[in-house]
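Engineer: The structure under discussion is supplied below as structure tokens; questions concerning it will follow.
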Amino acid sequence: MKVVVQRSKQASVTVGGEITGAIDSGYVLLVGITHNDTEADAVYAAKKIAGLRLFEDEDGKMNRSIDEAGGGILSISQFTLYGDVKKGRRPSFVEAARPDQAEPLWLRFNDELRHHGLTVETGVFGAMMDVQLVNDGPVTIIVESNGSK
Numbered sequence: 022m023k024v025v026v027q028r029s030k031q032a033s034v035t036v037g038g039e040i041t042g043a044i045d046s047g048y049v050l051l052v053g054i055t056h057n058d059t060e061a062d063a064v065y066a067a068k069k070i071a072g073l074r075l076f077e078d079e080d081g082k083m084n085r086s087i088d089e090a091g092g093g094i095l096s097i098s099q100f101t102l103y104g105d106v107k108k109g110r111r112p113s114f115v116e117a118a119r120p121d122q123a124e125p126l127w128l129r130f131n132d133e134l135r136h137h138g139l140t141v142e143t144g145v146f147g148a149m150m151d152v153q154l155v156n157d158g159p160v161t162i163i164v165e166s167n168g169s170k
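Numbering (this note's numbering) for the sequence shown: 22 to 170.
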């Protein structure tokens with residue numbers, strides 16, 4: 022599992038003209054799932070992200086977690102994170118898990134984030150989505166589980 026974590030001042034995702042998820046301050050998560058990923062990867066990634074200290078404290082140091090900062094999460098499935106462009110100019114997506122495997126793991130990942138007490142908004146799995154966000158910092162971190170390596 023590969024998750025791009027972007028600290029955001031506000032973000033939303035729209036599908037077919039309707040907003041399906043929106044947050045104020047928090048994280049936008051672009052979530053990619055590969056063939057080797059299991060529920061253990063979803064649990065690991067959620068725990069890691071819940072504990073990240075990417076928000077500034079009173080001294081201006083990144084020392085506060087999303088929970089301590091009162092932030093929300095906007096989770097978006099993103100199979101293109103496993104796009105391979107080593108050959109040619111068109112990406113190959115053979116490393117991305119098929120939807121029947123990826124969707125349940127993405128849902129489990131989101132449930133695990135909620136289990137950590139976080140508010141989670143989402144896009145729509147497999148849909149064309151318009152994502153708007155205001156990067157904060159910008160701060161962008163990549164979290165990978167063992168299954169994706």
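Every residue gets a Cβ at the ideal spot worked out from N, C-alpha and C, and that includes glycine.
Which of the three DSSP states is assigned to residue 110 in this structure?
Structural biologist: Translated into the one-based positions of the sequence shown, residue 110 becomes position 89. Coil.
Engineer: Is residue 31 helix, strand or coil by DSSP?
Structural biologist: For the purposes of this step, residue 31 is taken as the residue at position 10 of the sequence shown. The answer is strand: DSSP assigns residue 31 an E or B state.
Engineer: Would you kindly work out how many angstroms separate the C-alpha atoms of residue 102 and residue 130, rounded to a whole number?
Structural biologist: Walking along the sequence shown from the start, residue 102 turns up at place 81. Walking along the sequence shown from the start, residue 130 turns up at place 109. Distance between the alpha carbons of residue 102 and residue 130 is about 16 Å.
Engineer: Please report the distance separating the alpha-carbon of residue 56 from that of residue 33.
Structural biologist: For the purposes of this step, residue 56 is taken as the residue at position 35 of the sequence shown. For the purposes of this step, residue 33 is taken as the residue at position 12 of the sequence shown. Whole-angstrom Cα-Cα distance: 28 Å.
Engineer: Which residue or residues does DSSP assign as beta-bridge partners of residue 23?
Structural biologist: Within the sequence shown, the letter at position 2 stands for residue 23. Answer is 53, 165, bridged to residue 23.
Engineer: State whether the stretch 56-76 contacts the stretch 134-142, with contact taken as three or more CB pairs (one from each stretch) at a distance under 8 Å.
Structural biologist: The stretch 56-76 vs the stretch 134-142: in contact.
Engineer: So if DSSP puts residue 105 in a beta bridge, which residue, or which two residues, is it bridged to?
Structural biologist: Stepping through the sequence shown from its first residue, residue 105 is reached at position 84. Paired residue(s): 113.
Engineer: Measuring CB to CB, does residue 154 end up less than 8 Å from residue 27?
Structural biologist: Here the question's residue 154 lines up with position 133 in the sequence shown. Here the question's residue 27 lines up with position 6 in the sequence shown. Contact: yes.
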